[in-house]
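Heads up: the sequence shown begins at 141 in our numbering, then just goes up one per residue.
Cβ atoms here follow ideal geometry from the backbone N, Cα and C, with glycine treated the same way.
Quick caveat: nothing in here was measured; it's all calculated off a predicted structure.
In what follows, a structure is listed as structure tokens, so that the remarks can point back to it.
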Amino acid sequence: MQSINHLLKSKFNFSEEDITASRRQAALKKEPLTDYLLRKNLLSEGQLLALYAEAFALPVLAQMPIENIDNRFTDKIPIHFLKKYALMPLGPCQGNGGDNGADCLIVMGDPGYVHQLDDLVHLLGIRNYELALASRQQIINAINLAYDLRQDSAEQLVQDMENDESDEALNIAVTADLLDETSDAPIIRLVNNIISQSAKARASDIHIEPSREQIKVRYRIDGVLYDLLTPPKHIQAALISRVKVMAKLDIAEKRLPQDGRFDVKIGNTEIDVRVSTIPTAAGERVVMRLLNKTSALFDITDLGASPTHMDQLKRLVAAPNGIILVTGPTGSGKTTSLYAVLSHINTPDINIITVEDPVEYQIDGINQIQVNPKIGLTFASGLRSIVRQDPDVILVGEIRDRETAEIAVQSALTGHMVYSTLHTNDSPSAVTRLVDIGIEPFLISSSVNAVIAQRLVRKLCLDCREPGQYGEAALNRIGLSIQTAAGGTIFQPKGCEACVQTGYRGRLGIFEFMVMSENLKNLILEAFDAGAIKARAIDEGMITLQQDAINKVLAGITSVDEAFRVTH
141 MQSINHLLKS
151 KFNFSEEDIT
161 ASRRQAALKK
171 EPLTDYLLRK
181 NLLSEGQLLA
191 LYAEAFALPV
201 LAQMPIENID
211 NRFTDKIPIH
221 FLKKYALMPL
231 GPCQGNGGDN
241 GADCLIVMGD
251 PGYVHQLDDL
261 VHLLGIRNYE
271 LALASRQQII
281 NAINLAYDLR
291 QDSAEQLVQD
301 MENDESDEAL
311 NIAVTADLLD
321 ETSDAPIIRL
331 VNNIISQSAK
341 ARASDIHIEP
351 SREQIKVRYR
361 IDGVLYDLLT
371 PPKHIQAALI
381 SRVKVMAKLD
391 IAEKRLPQDG
401 RFDVKIGNTE
411 IDVRVSTIPT
421 AAGERVVMRL
431 LNKTSALFDI
441 TDLGASPTHM
451 DQLKRLVAAP
461 NGIILVTGPT
471 GSGKTTSLYA
481 VLSHINTPDI
491 NIITVEDPVE
501 YQIDGINQIQ
511 VNPKIGLTFA
521 SGLRSIVRQD
531 PDVILVGEIR
541 DRETAEIAVQ
551 SALTGHMVYS
561 TLHTNDSPSA
571 VTRLVDIGIE
581 PFLISSSVNA
591 VIAQRLVRKL
601 CLDCREPGQY
611 GEAALNRIGL
621 SIQTAAGGTI
631 FQPKGCEACV
641 QTGYRGRLGI
651 FEFMVMSENL
661 KNLILEAFDA
671 GAIKARAIDE
681 GMITLQQDAI
691 NKVLAGITSV
701 DEAFRVTH
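Laid out in structure tokens, this is it:
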């Protein structure tokens, strides 16, 4: 076995002085030499693993064989111990011996932790094993997977609560990592299980809904609610109180609505949980909204817009001033689309300021203001202050009243680019809505560049979708003729493990772009009837929401039933 010093000199051209200085700095920080070299980027992790492999004569795994995980060790070894020292037992390692000893493989990120390796071997009763090296991230991912697979089922946790009469669980704060939860309190493990399983299933919301006889826990995946659990009524108080403790809400106040939030980690994933409670006749109802803070923001190319719509969008966002409105019901992806646009135009030479409720994603280089009506910071007051901050681009989370709309219009007319949202069913209805709020038609025609209506449709799971057989009546419901459908394959959902048996995996937008032409502006001045505006826009080539949904059905992206659900 060659020494680390010798290999640093021969393989990576370190001088004796370099090594001595590095050892001195590592000692000051009380860290191993190799950790110091990594932290200072003097060695890459790949180079370090190659160095370990030669120094200790150990193989390096390009890929962890995670199919060999035997997670029985999770009951004996704390997750933080394995993560801290990057140790992972693979195969039947628990109490092995005899001829089967070679099946136990212990993967290490740093073979210098020999004492910790001895502790692991002793705790698991391992007699024979082999060693291998892998990157720290691969080991951490395997550890997270093992402890995630270990988690008790929600049904089992509910049964454990039958004999648990302790209120101690309500006083325990939220843990840093739900996979690292060591509490024996069943209510804590139940709530953690609900949150972690919902996050694993890509749920956006968790609903705890009380009724007279029972409570129901449901989660929303890709916009649709599914049943998760139906616990007995008698654990309702403990379950809701635990969530309220995590969100730092008043557990004694059950007569008034409350809002709060908390952060959790599930392995490498950071989740921001927004909690809302309301009193009902059967008890408090709780909704938790899950926001994955580690997921990347959408790029505008990821929104699902067709090439025609994408060309229109790129031309619109390049305009120097005006208003672009995005409309649709709650949960239709309006804010996500606007964030994608802001990320696309976010360059150092423009000043972007937003006023939102709430600030869902924090974007570097953009100044974001959180609305707080309790102290008088509303959309209108925030927007009035923004225009004095020399902005180039302004995002208003939502136009809710006349004052906000008037300031937005005046900002657009004085050279600013304004993005905002409205709650209307389609693009032409936005004009009627603005008139109802109190904006003059001539101001609308002068300031609004375009109105974009959008919805979210679920994407068929590519692992299990199958050709569908649809009759003429089913196709006509979404405006698709049987002759048009005969030109391609229309798919339907089936359900598999990858899509949690739903048949769908992920969502994308369907859009309706109403770009303000001169003809449309003149029509708005004459009459602001939504039907007339829509007819004129279609004559000028506007693709409606229904037609965009049909195009995505014909492309095999979504199903006929999903297109009907969203567009009707």
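Backbone CA spacing between residue i and residue j [nearest angstrom]
i	j	result
Y176	S483	35 Å
T417	E270	53 Å
S365	T642	Going by the sequence as given, residue 365 is Leu instead of Ser. Cα to Cα, L365 sits roughly 11 Å from T642.
V200	D250	11 Å
I584	L574	8 Å
L648	R164	54 Å
S521	D210	58 Å
I493	P232	56 Å
E120	G611	Since the first residue of the chain shown is 141 and the last is 708, residue 120 is not available in this structure.
R595	I650	5 Å
A689	A703	6 Å
T629	F438	29 Å
V404	Y501	16 Å
I380	S344	19 Å
S338	I346	7 Å
P172	N281	23 Å
A593	N507	26 Å
T554	S477	25 Å
N662	A459	21 Å
Q452	F653	8 Å
I312	V385	Confidence in I312 is poor, its pLDDT being 41 and thus under 50, which makes the residue's placement unreliable; the coordinate value appears in the next sentence. So the alpha carbons of these two residues sit roughly 8 Å apart.
A202	R528	56 Å
N486	L147	46 Å
N240	L230	Residue confidence is low: N240 scores 45 on pLDDT, short of 50, so the model does not pin down where it sits. Its coordinate-derived value is still stated next. Answer to the nearest angstrom: the Cα atoms are 13 Å apart.
A309	P326	Unreliable placement is indicated for A309, whose pLDDT of 42 sits below 50; no coordinate value is reported for it.
F402	I217	27 Å
N659	E580	18 Å
L396	I406	31 Å
I219	I622	57 Å
Nearest to residue i (by Cα), restricted to the options the options
i	options	result
A548	R617, R524 and N565	R524
G537	K661, T518 and C601	T518
L389	L273, V426 and Y559	V426
A552	S381, N659, R705 and I463	I463
T157	A167, N145 and A341	Note on identity: in this sequence residue 157 is Glu, with Thr being the wrong assignment. With distances taken between Cα atoms, E157 lies closest to N145.
T710	T561, V533 and D532	It is not possible to answer for residue 710, since the shown part of the chain is limited to 141 through 708.
G671	N565, A626 and Y644	N565
P498	V413, V331 and E424	V413
T467	I279, F668, S351 and L685	L685
P531	N491, Q398 and E185	N491
P568	A590, A480 and I618	A590
D669	M450, V571 and G423	V571
K223	T174, L273 and I283	I283
Residue interval of the alpha helix (DSSP H) (run including residue i)
i	result
T544	R542 to L553
E171	E171 -> no alpha helix (DSSP H), and no H or E assigned at all.
V597	That residue, V597, is in no alpha helix (DSSP H); its beta strand (DSSP E) goes V588 to L600.
T684	Here T684 belongs to no alpha helix (DSSP H), and DSSP marks it neither H nor E.
I144	I144 to F152
V575	S567 to I577
L535	Not the alpha helix (DSSP H): L535 falls in the beta strand (DSSP E), residues V533 to V536.
Endpoints, the beta strand (DSSP E) within which residue i is located
i	result
S344	A343 to P350
Q510	N507 to Q510
T561	M557 to L562
Neighbour flag for residue i against chain D, beta carbons, 8 Å
i	result
E658	This model lacks chain D altogether; it includes just one protein chain.
Practice item. Say whether the region 629-640 touches the region 597-612, bearing in mind that this needs 3 or more beta-carbon pairs closer than 8 Å, one atom from each stretch. Key: yes
Review point. Contact between the region 176-194 and the region 255-266: three or more CB pairs below 8 Å?
Key: These segments do not touch.
**Study point:** the region 505-516 contacting the region 567-581, beta-carbon criterion three pairs below 8 Å
**Key:** no
Exercise for review: Write down every uninterrupted run of the alpha helix (DSSP H) in the region 427-492 whose length is 4 residues or greater and which is fully enclosed by it, in chain order.
Suggested key: 447-457 and 474-485
Practice item. Run through the region 197-239 for me and flag every whole alpha helix (DSSP H) of 4 or more residues, listed as ranges in chain order. Key: 219-225
Review point. Is there contact between the region 684-700 and the region 355-364, where contact requires at least three CB pairs shorter than 8 Å?
Key: At 8 Å Cβ cutoff, the stretches do not touch.
Practice item. List in chain order: all unbroken beta strand (DSSP E) runs of 3+ residues lying wholly within the region 246-273. Key: If one requires a minimum length of 3 residues, the beta strand (DSSP E) runs lying completely within the region 246-273 are 270-273, in chain order.
Check your understanding: For the 8 Å Cβ check, are there 3 or more pairs between the region 675-694 and the region 387-402?
Key -> no
Exercise for review: Give, in chain order, every unbroken run of the alpha helix (DSSP H) that is at least 4 residues long and sits entirely within the region 362-427.
Suggested key: 376-386
Review point. Between the region 527-541 and the region 442-449, do three or more beta carbon pairs fall short of 8 Å?
Key: no
Check your understanding: What alpha helix (DSSP H) runs, 4 residues minimum, are completely inside the region 633-666?
Key -> 658-666
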